[in-house]
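Visitor:
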Amino acid sequence: MIEELGIRDLGVIAEATLPLGAGFTAVTGETGAGKTMVVTALGLLLGARADAGAVRAGAKQAWVEGRWLVSDDGPIAERVAETGGEIDDGELLLGRSVSAEGRSRAVVGGRSAPVGVLGDLGDELVVVHGQADQQRLRSAAAQRDALDRFAGAPLAAALTEYREVFSTWRTDAAELERLRDAHDARAREAAELRDALDEVEAADPQPGEDVELAERADRLSNLEDLRLAAAQARALVSAEDLTDGAPDAIALVDSARRHLEHVVEHDAALAPIAEALQSAGFLLADASTELAGYLAGLDADSARELEIVQERRALLTALIRRHGGSLDEVLEFRSSGGLRLVELDGDDERIEVLEASVARLAEDVERLATRLTELRTEAAERLAAAVTAELGALAMPDARLSVTVDALHEPASHGRDQVAILLQPHPGAEPRPVSRGASGGELSRVMLAIEVVIAGSDPVPTFVFDEVDAGVGGAAAIEIGRRLARLAERSQVIVVTHLAQVAAFATNHLSVVKGTDGQVTSSSVRQLAGAEREAEMARLLSGLADSESGLAHARELLEIASERAA
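Numbering (my numbering), first residue to last: 2 to 567.
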């Protein structure tokens, strides 16, 4: 529950602290004092959309802070931990600021968090009923949710199981439809891909082959130049083929060595030079041998070999042009294309598997949907009877509520049931949907009666009611107050009201007080007790806080509320 609510610069409220706590809290005040700002503040803490217009005139920002008492474990604690926030000894602080420019910031457990987190927590912490929320009761979805809450844990468990199966069924059915619709196109893709892969496989390109072929083509194209250069180099190194009698390189180096060896005994410094010349002679001899081998290895039929190389290069170029920008991309296409072909060729098998799965899941969906219908139908009878009894105590003694559960044409995520809450205002009248058969005041009472009944099977930590007593007065208002007091036995109840008959049942009475300095209107919040509460009750009853008759009536009403609440 929410223990305390702090408000600063929101609407006409400059600064206020609202002590709330357990039980039934009534918030009253003069028209225009800012009672609805309490609900607005709670809405901001629960993730409602921020409105810069709600910031107090002249202020830079509005700030709202709530202190909740929550469990240290469970879904709320888990969600707070996900945001990096903390729950301190069972206390959770939530904060929300709204700037005059419309920017909003949320704080959860001492850490900044997305505003959406407040909405997630709000779903677990509070149920708010205002005029807009009463209108939501007119929707089929809200009526179904109300019935499901009343049905309790058995239906919740069945609905969870159903939704898991339904989600899988829808997913498999969507994939099956996609594969069927794309079957022809995927078959064409497979045929084209198979032809392309056959072409690549027939060529069997190898990594780096294009570079190797380019080098071979260059060599073969310049074969005669290579032959002539190698022959001339060999002749100069080894003079076997020289005809002019000139010495070759080997002979010249050998002659130089011998000259040095004749005199080396006179100067040892020439010895290493002579050895170097001897090594050079050996290297030249090796070079001559290698040149001879190179010349012997040159292919005489170079034209045919060049033709073969150029044909292979042309084939690779064609593959590159059709299947990639380089040979590496062609090789990648061969690898990835093979995997894609396996995927495409597996469509028929996948379709068969999905057809079997969809058929099996459809049966499960039907079975589980039938179970939901049974649970809802049984709960609908109990809910109708219990709410009808409550309506009798809320000055609608002749009204009868009924809840119908009809089948939809197709199953949905919530089952195949369409739930409608019908109201028969008096005997003999035709039951009509509550969305068309109830006035605003009647709808408020129907909503309250439903919440009182549902709270027995699905308690909510905190209820907030804004003008739940709209269009109601007299004995009906007293019964509304008594029902709210009953609801407060299980949950925290916060009610913004203008009726003394409702406020009389509160265990905590807060008044929003409006003040002005002649230029600026400012409101604050006071907790009332004793004479102050009697004066506020008298004001609510007669418009005069100091009227003796009003005060007497207020005391009497408080006594009646105390007796009836007991």
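Idealized CB from N, CA, C, for every residue including glycine.
Could you pull the start and end residues of the beta strand (DSSP E) that residue 25 belongs to?
Guide: The continuous beta strand (DSSP E) containing residue 25 extends over residues 25-30.
Visitor: Which value, in whole angstroms, describes the spacing of the CA atoms of residue 555 and residue 549?
Guide: In this model, residue 555 and residue 549 are separated by some 10 Å (Cα to Cα).
Visitor: Taking a contact to mean a Cβ-Cβ separation below 8 Å, would you say residue 374 touches residue 406 in this structure?
Guide: A contact, by the Cβ cut-off of 8 Å.
Visitor: Taking C-beta to C-beta, are residue 1 and residue 126 nearer than 8 Å?
Guide: The structure shown has nothing for residue 1, since the chain only spans 2 to 567.
Visitor: With a floor of 4 residues, list each alpha helix (DSSP H) that falls wholly inside the region 366-392, ordered by position along the chain.
Guide: none
Visitor: What does the alpha-carbon distance come out to for the pair residue 399 and residue 80?
Guide: Approximately 46 Å between the Cα atoms of the pair.
Visitor: What do you get for residue 40, buried or exposed, if any count of 16 or more other CB atoms within 10 angstroms of its CB means buried?
Guide: buried
Visitor: Tell me the DSSP bridge mates of residue 406?
Guide: 420
Visitor: Which residue wins for smallest C-alpha separation from residue 424, given the options 19, 448, 196, 17?
Guide: 448
Visitor: If I'm right that residue 162 touches residue 369 with Cβ under 8 Å, what's the distance once you round it to whole angstroms?
Guide: 6 Å
Visitor: In chain order, what residues of the same chain have a beta carbon less than 6 Å from the beta carbon of residue 18, not counting five sequence neighbours either side?
Guide: 7
Visitor: Could you work out which residue in 384, 128, 359 is closest to residue 2 when comparing CA atoms only?
Guide: 128
Visitor: So, for residue 222: in the same chain, excluding its five sequence neighbours on each side, which residues have a beta-carbon less than 7 Å away from its beta-carbon?
Guide: 307
Visitor: Any idea what DSSP makes of residue 502, helix, strand or coil?
Guide: Residue 502 falls in the helix class under three-state DSSP.
Visitor: Could you spell out where the beta strand (DSSP E) holding residue 5 opens and where it closes?
Guide: For residue 5, the uninterrupted beta strand (DSSP E) segment begins and ends at 3-11.
Visitor: With a threshold of 6 Å on Cβ separation, who are the neighbours of residue 78 within its own chain once the five nearest residues in sequence on each side are excluded?
Guide: Counting only Cβ-Cβ distances below 6 Å, and skipping sequence neighbours, we find 88.
Visitor: Between 74, 237, 70, 35, which has its C-alpha nearest residue 11's C-alpha?
Guide: Its Cα nearest to that of residue 11, the residue 35 stands out among 74, 237, 70, 35.
Visitor: Whose C-alpha, out of 525, 560, 70, is nearest the C-alpha of residue 38?
Guide: For residue 38, the nearest C-alpha among the options comes from 525.
Visitor: I need the boundaries of the alpha helix (DSSP H) containing residue 262, first residue and last residue.
Guide: Looking at the DSSP string, the run of the alpha helix (DSSP H) that includes residue 262 is 250-264.
Visitor: With a floor of 4 residues, list each alpha helix (DSSP H) that falls wholly inside the region 319-348, ordered by position along the chain.
Guide: 328-346
Visitor: Which residue or residues does DSSP assign as beta-bridge partners of residue 495?
Guide: 26, 465
Visitor: Within 10 Å of its beta-carbon, does residue 544 have 16 or more other beta-carbons around it, so buried, or fewer, so exposed?
Guide: exposed
Visitor: Please work out which residues of its chain come closer than 7 Å, Cβ to Cβ, to residue 432, disregarding the five sequence neighbours upstream and downstream, and give them in chain order.
Guide: 403, 423, 424, 425
Visitor: For residue 53 and residue 104, I'd like the C-alpha separation in whole angstroms.
Guide: 8 Å
Visitor: Identify, in the order they occur along the chain, each residue of the same chain with its Cβ nearer than 8 Å to the Cβ of residue 330, setting aside the five sequence neighbours on each side.
Guide: 321, 324
Visitor: Return the Cβ separation of residue 154 and residue 376 in integer angstroms, given the expectation that the two are a contact with Cβ distance under 8 Å.
Guide: Actually they are not in contact, since the Cβ atoms of residue 154 and residue 376 sit about 11 Å apart, beyond 8 Å.
Visitor: Below 8 Å between beta carbons: does that hold for residue 488 and residue 494?
Guide: yes
Visitor: For residue 248, count neighbouring Cβ atoms within 10 angstroms of its own Cβ and tell me buried if that reaches 16, exposed if not.
Guide: exposed
Visitor: Which partner residues of residue 114 appear in the DSSP bridge assignment?
Guide: 107
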